[in-house]
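Line by line, the protein sequences give chains G and C.
Under the numbering used here, the residue at position 319 of the first sequence is numbered 319, and the numbers go up by one with no gaps.
Under the numbering used here, the residue at position 744 of the second sequence is numbered 744, and the numbers go up by one with no gaps.
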Amino acid sequence: MTVETAVPAPAAANDLRNPGMALDLAMFEGHAVNRSAAERRAASLTTRRSVKKDWQAAWLINAVRCIDLTTLAGDDTAERVRRLCAKARQPLAPHITEGLGIAGMRLTTGAVCVYPTMVTHAVRALEGSGIPVASVATGFPAGLMPLHLRLEEIRYAVAEGAEEIDIVITREHVLSGNWPALYDEVAAMRDACGPAHLKAILATGDLQTLRNVYAASMVAMQAGADFIKTSTGKEGVNATLPVSLVMVRALRDYLDATGHRIGFKPAGGMKSAKDALNWQFLMREEMGRDWLDPHLFRLGASSMLGDIERQLEHHVTGRYSSASRLALA
Amino acid sequence: MNKIMEVLDNMEYGPAPEDSAIVRDWLACHEAGFGHFIDGGFTKPSDPFEVTNPATGKVIARVSQGAATDVDAAVKAARAAQPKWAALSGHDRARHLYALARHIQQHARFLAVLETIDNGKPIRESRDIDIPLVIRHFYHHAGWAEIMADEFPGATPHGVCGQVIPWNFPLLMLAWKVAPALAAGNSVVLKPAEYTPLTALALAEIAREAGLPKGVLNIVTGDGETGALITGHDGIDKVAFTGSTEVGRLIRRQIAGSGKALTLELGGKSPFIVFADADLDAAVEGVVDSIWFNQGQVCCAGSRILVAESVAARFTELLSRRMETLITGDPLEKSTDIGAIVHPVQLARIRSLVERGRAEGAQIHQGSAPSGCFYPPTFVTEVEPASTLATEEVFGPVVTLTPFRTPEDAVALANNTRYGLAGSVWSENINLAIDIAAKIKAGVIWINSANLFDAGAGFGGYRESGFGREGGREGMSAYLRHPAPRAKKPETAPPAPVATPVEGMAASAIDRTAKLYIGGKQARPDSGYSYAVAGAKGPVGLAGLGNRKDIRNAVEAAHKATGWGVQTGHNRAQVLYYLAENLSARAEEFTGRLKSFGHSGSAAKTEVEISIRRIFWYAAQADKFDGAVHQTKSAHVTLAMNEPLGVMGIACPNAYPLLGFVSLVLPAIAMGNRVVALPSQTHPLAATDLYQVIDTSDVPGGVVNIVTGERDPLAKTLAEHDDVDALWYFGTAAGAAMAEAASAGNLKQTWCEDGAARDWTTAQGQGRQFLTRATQVKNIWVPHGE
Numbered sequence: 001m002t003v004e005t006a007v008p009a010p011a012a013a014n015d016l017r018n019p020g021m022a023l024d025l026a027m028f029e030g031h032a033v034n035r036s037a038a039e040r041r042a043a044s045l046t047t048r049r050s051v052k053k054d055w056q057a058a059w060l061i062n063a064v065r066c067i068d069l070t071t072l073a074g075d076d077t078a079e080r081v082r083r084l085c086a087k088a089r090q091p092l093a094p095h096i097t098e099g100l101g102i103a104g105m106r107l108t109t110g111a112v113c114v115y116p117t118m119v120t121h122a123v124r125a126l127e128g129s130g131i132p133v134a135s136v137a138t139g140f141p142a143g144l145m146p147l148h149l150r151l152e153e154i155r156y157a158v159a160e161g162a163e164e165i166d167i168v169i170t171r172e173h174v175l176s177g178n179w180p181a182l183y184d185e186v187a188a189m190r191d192a193c194g195p196a197h198l199k200a201i202l203a204t205g206d207l208q209t210l211r212n213v214y215a216a217s218m219v220a221m222q223a224g225a226d227f228i229k230t231s232t233g234k235e236g237v238n239a240t241l242p243v244s245l246v247m248v249r250a251l252r253d254y255l256d257a258t259g260h261r262i263g264f265k266p267a268g269g270m271k272s273a274k275d276a277l278n279w280q281f282l283m284r285e286e287m288g289r290d291w292l293d294p295h296l297f298r299l300g301a302s303s304m305l306g307d308i309e310r311q312l313e314h315h316v317t318g319r320y321s322s323a324s325r326l327a328l329a
Numbered sequence: 001m002n003k004i005m006e007v008l009d010n011m012e013y014g015p016a017p018e019d020s021a022i023v024r025d026w027l028a029c030h031e032a033g034f035g036h037f038i039d040g041g042f043t044k045p046s047d048p049f050e051v052t053n054p055a056t057g058k059v060i061a062r063v064s065q066g067a068a069t070d071v072d073a074a075v076k077a078a079r080a081a082q083p084k085w086a087a088l089s090g091h092d093r094a095r096h097l098y099a100l101a102r103h104i105q106q107h108a109r110f111l112a113v114l115e116t117i118d119n120g121k122p123i124r125e126s127r128d129i130d131i132p133l134v135i136r137h138f139y140h141h142a143g144w145a146e147i148m149a150d151e152f153p154g155a156t157p158h159g160v161c162g163q164v165i166p167w168n169f170p171l172l173m174l175a176w177k178v179a180p181a182l183a184a185g186n187s188v189v190l191k192p193a194e195y196t197p198l199t200a201l202a203l204a205e206i207a208r209e210a211g212l213p214k215g216v217l218n219i220v221t222g223d224g225e226t227g228a229l230i231t232g233h234d235g236i237d238k239v240a241f242t243g244s245t246e247v248g249r250l251i252r253r254q255i256a257g258s259g260k261a262l263t264l265e266l267g268g269k270s271p272f273i274v275f276a277d278a279d280l281d282a283a284v285e286g287v288v289d290s291i292w293f294n295q296g297q298v299c300c301a302g303s304r305i306l307v308a309e310s311v312a313a314r315f316t317e318l319l320s321r322r323m324e325t326l327i328t329g330d331p332l333e334k335s336t337d338i339g340a341i342v343h344p345v346q347l348a349r350i351r352s353l354v355e356r357g358r359a360e361g362a363q364i365h366q367g368s369a370p371s372g373c374f375y376p377p378t379f380v381t382e383v384e385p386a387s388t389l390a391t392e393e394v395f396g397p398v399v400t401l402t403p404f405r406t407p408e409d410a411v412a413l414a415n416n417t418r419y420g421l422a423g424s425v426w427s428e429n430i431n432l433a434i435d436i437a438a439k440i441k442a443g444v445i446w447i448n449s450a451n452l453f454d455a456g457a458g459f460g461g462y463r464e465s466g467f468g469r470e471g472g473r474e475g476m477s478a479y480l481r482h483p484a485p486r487a488k489k490p491e492t493a494p495p496a497p498v499a500t501p502v503e504g505m506a507a508s509a510i511d512r513t514a515k516l517y518i519g520g521k522q523a524r525p526d527s528g529y530s531y532a533v534a535g536a537k538g539p540v541g542l543a544g545l546g547n548r549k550d551i552r553n554a555v556e557a558a559h560k561a562t563g564w565g566v567q568t569g570h571n572r573a574q575v576l577y578y579l580a581e582n583l584s585a586r587a588e589e590f591t592g593r594l595k596s597f598g599h600s601g602s603a604a605k606t607e608v609e610i611s612i613r614r615i616f617w618y619a620a621q622a623d624k625f626d627g628a629v630h631q632t633k634s635a636h637v638t639l640a641m642n643e644p645l646g647v648m649g650i651a652c653p654n655a656y657p658l659l660g661f662v663s664l665v666l667p668a669i670a671m672g673n674r675v676v677a678l679p680s681q682t683h684p685l686a687a688t689d690l691y692q693v694i695d696t697s698d699v700p701g702g703v704v705n706i707v708t709g710e711r712d713p714l715a716k717t718l719a720e721h722d723d724v725d726a727l728w729y730f731g732t733a734a735g736a737a738m739a740e741a742a743s744a745g746n747l748k749q750t751w752c753e754d755g756a757a758r759d760w761t762t763a764q765g766q767g768r769q770f771l772t773r774a775t776q777v778k779n780i781w782v783p784h785g786e
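Right, here's the structure in full:
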């Protein structure tokens, strides 16, 4: 017996924006995801790879490039947003960037992520920085608003200057297996985004099973999502490595089928520099180097940046660092 | 551009070396060479050989080649220390093992780094897998020492254990051997592999530090000759070996008839079955954890991937991509996936086997590896069941990939091997997965996982992968002896059968011809000869003079009775109760038969009565000899299932022509085995009378086959038969030695005892021990979670 090694060749990868495709249930229905195996792989991923010294510094700097520096709190104010944007413009203290020898690269975070009513403050604060403003929308975080209002919220945020829209999906559509409803909803949202990129938040903590996560990922991509994102940060369980592994494999399968490269954004619960490295290892191992660039990978985090900055200060000075000596986000 | 800017561009991992300074210092301290560890101290180095770091080729130590005098000294020390060690309370032994576990834990990184330098395995594995499992094993067995008296009442240690271990998991294999041996109260003489002796010597230092009594653990280094000196030593009571099937066979022959207990953990060519409904990414990662773990130098590695045709193309694509991302190289690098092959000799073997495969037409797909003692991850397509790479154990990172059509096809391919160590089954369908797990002939099955180990589960093989288990309750019992009765007067060889007409045969109403009983039918012996059966007052009848062809036919018939082993215990019990009922109905006739052999009336009556009770006892056990669910990892169900051995040969003692036969055949068939029985050579007619009872009791044809004749030549044919899975021999010492030696061909399990040792009329004649001997444990790992 022989193995038929001539698989249908994966579609040639391109850098076009994902146009989406017709809903195709065959791409995810019956797709097996074994939780125990995903957990084992996630656990060994972080022990199989290690970066030290200059390499560690570089990987942490790269994480900064990929951070969507986020504030999504009820007590957000214009001032709070301005402070966050200042940090996004200058994520590391000057003595650190100089010590690392990267002062010339104009390091910023990947984006700033805020509520729709804060977009205008962020846009103003980031003017000339080239840092895009991302806005959550669609009744974030639960998403249980009438669809026309959610679409209107997207249009509002885009009009305010948001270049990226982090939408939330209706979890009910996943839990009830109503894939056409989910597809239509995301496709309508994509339409409402216009030129702004759409990041689809799956709220994986609510979806619970990894099969649900895989299916929801695939439907969101078929409906035209530019990024798929794990969590709002408000679910009981936010970004985890096993969930991320499953979503990344889904976007790999979508790439194989269509040639379109989808971005991935884990969000919520990631606080440490070690987390930043672990998620990058995941991307590098499963998808390769390209998925370490901000146009295909973002880390949705707020406090993570502070820990990265402390680690990098230690790299520069050789002394362990104190947060109180570094600028707040 | 500075380094950081450069890395920001290429995003490479860069060097992340494990610091080995402390281990290098330790090796420098021992530059003069290592002696053996005997009686609590190190001997002066003598007759040294070099130990190298395979990753660099550099000599890292000189170690002594153990000679006969060293082995003598070690065995003497172990003998002297053992009684006192065994006399300690379980609690006191537990404290020692607990201390040892603690001290190993405190030296964990030292041992991990040393293991990596000595063996070439990646530091990730020695640090995260080998050493943690070693520690777990000692803790687990500290527990067994504590509760041994309660959990194994009446059991005693064997005495001195001679243990020989391989180079693939040097310290872990030591732990698997030493921890249960010491817990049970044995003392140990252990030889580590000559390629990788250093962690064993380090452990000796740790044992000394932890205060283990002198002489309880002795380490003698050396090559295979030293190993043979240990296993063959008269002062050794129990031999445990892990290594190649070839050497296992040599040891089986070497110690045949010595009375030494033996467990063997040998080679494998384990199947890795991927069904169409599996999580293919998970299965691909399973391959990484399986054959691309420890450079593929893993006896239980899934080295034959069998994949459903419908997903073979996608699976191959994913496997190929994953292979590309594996990093082969410096084992001390934290980002290394595949380290160095243990020794250039092993590398040459891997290369030559792969080249043979290529010459046979196999397609070789490989990742990359640096020059030196490294071999790239490899998978091979277009192999046939007969291909070199599909049959030979490569012991390298080389796996074959073969498509299958149906579950039945998968099982047939999976079992098409002389080995039976492990198997991996990938399917999201629990019905299918468990069904396949039950059908694979192997001692360990991992469902949707691979290479999971835990001290609480048994590990060990079927078929030519050896016998005995390590880990769990079943592993612990391998280091315990159940008090075995001794014969006051050993059984002597019965007189040779007289196959010519005799004088003075007692007349009966209608002449009855006792035949052989094969496949549920009475069969004339192939030879065409009969021999006279002696009674108290001259010959009482004729029995068929069976020969090797009758054995062949009987074994074939036994194999055809496939339904018996998969029936419910309840169904088998019903059949056995019916057998007892029918024997009871003919009790008088059997009593008469026994009397004709010279039994007194009461002795004959007692033998028949006890036979009936014994059948009842085993009928009762047929649905009660349960397995276990081991406590291993969280979110894992680890089943330990008692499975029948398969086709068993049973040579019955001469005495107790009815009860001896019943006592041995019944436990075997109650557990689902099929049996080729050689009844009492001198008085076979009680057994041949029984076939009529068997016939009328709904025992399916082929489950019990009876071949009368000269016991030892027939037993030898059974021992040599490659399609017989186990042999029980109850007869003479010479016969036992013959049976053990002849069983080495397919490494069948044997149970040999003096035929006169047991008083079959007492409790000695039945018990759980018989059931344990009639079964083998299959451990099935089922991880769960959705």
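No residue lacks a Cβ here, since even glycine has one placed at the ideal position from N, Cα and C.
- The way I'd put it, the segment 701–710 of chain C doesn't touch the segment 463–483 of chain C; fewer than three beta-carbon pairs between them come closer than 8 Å.
- Within 10 angstroms of the beta-carbon of A26 of chain G lie fewer than 16 other beta-carbons, which makes it exposed.
- With 16 or more other Cβ atoms from the protein chains shown falling within 10 Å of its own Cβ, N186 of chain C counts as buried.
- Taking the Cα of P667 of chain C as reference, the smallest distance to any Cα among C:G765, C:T688, C:A736 and C:N705 is reached at C:G765.
- I338 of chain C: not part of any alpha helix (DSSP H); DSSP gives it neither H nor E.
- Neighbours of R80 of chain G across chain C, judged by C-beta separation under 7 Å, do not exist; the nearest C-beta is about 31 Å away.
- Not flagged as an interface residue toward chain C: V174 of chain G, since no C-beta distance is shorter than 8 Å.
- Between the alpha carbons of I230 of chain C and E393 of chain C lies a gap of roughly 26 Å.
- In this structure, the alpha-carbon of T317 of chain G lies about 19 Å from that of M5 of chain C.
- The beta-carbon of I102 of chain G is placed less than 8 Å from the nearest beta-carbon of chain C.
- For M648 of chain C, the three-state secondary structure derived from DSSP is strand.
- Within the model, the alpha-carbon separation for A359 of chain C versus A369 of chain C is close to 22 Å.
- For F379 of chain C, the enclosing beta strand (DSSP E) has its first and last residue at T378 to T381.
- Pairing Y13 of chain C with R49 of chain G gives a Cβ-Cβ distance under 8 Å.
- The closest CA to that of G263 of chain G, considering only G:M270, G:N212, G:A88 and G:I201, is found on G:I201.
- Distances from the alpha-carbon of M304 of chain G to those of G:E286, G:D293, G:D290 and G:A323 put G:A323 closest.
- Rounded to whole angstroms, P653 of chain C and G519 of chain C show a C-alpha spacing of 23 Å.
- Around the C-beta of K537 of chain C, fewer than 16 other C-beta atoms lie within 10 Å, and the residue is accordingly described as exposed.
- For A261 of chain C, the enclosing beta strand (DSSP E) begins and ends at A261 to E265.
- Per DSSP, the continuous alpha helix (DSSP H) segment holding A94 of chain C begins and ends at G90 to Q106.
- Sequence-distant partners of I440 of chain C (beyond 5 residues in either direction) whose C-beta falls short of 6 Å from its own C-beta, in its chain, are A414 and G423.
- Distances from the CA of V425 of chain C to each of C:Q295, C:L542, C:F272 and C:P157 were compared; the closest alpha carbon is that of C:F272.
- Judged by pairs of C-beta atoms under 8 Å, the segment 338–352 of chain C does not touch the segment 301–309 of chain C, as fewer than three such pairs exist.
- Taking 8 Å as the cut-off, the Cβ atoms of V213 of chain G and V248 of chain G do not count as close.
- Apart from sequence neighbours up to five positions away, the residues of its chain that approach L771 of chain C with a beta-carbon distance below 7 Å are Q621, F625, P667 and M671, ordered along the chain.
- The beta carbon of E309 of chain G does not come within 8 Å of any beta carbon belonging to chain C, so the residue lies off that interface.
- For C193 of chain G, the uninterrupted alpha helix (DSSP H) segment begins and ends at W179 to C193.
- Taking G236 of chain G as reference, the option from G:P141, G:M283 and G:G205 with the minimal CA-CA separation is G:G205.
- Residues of the same chain with a CB within less than 6 Å of the CB of D337 of chain C, apart from the 5 flanking positions on each side, are L326 and I327 in chain order.
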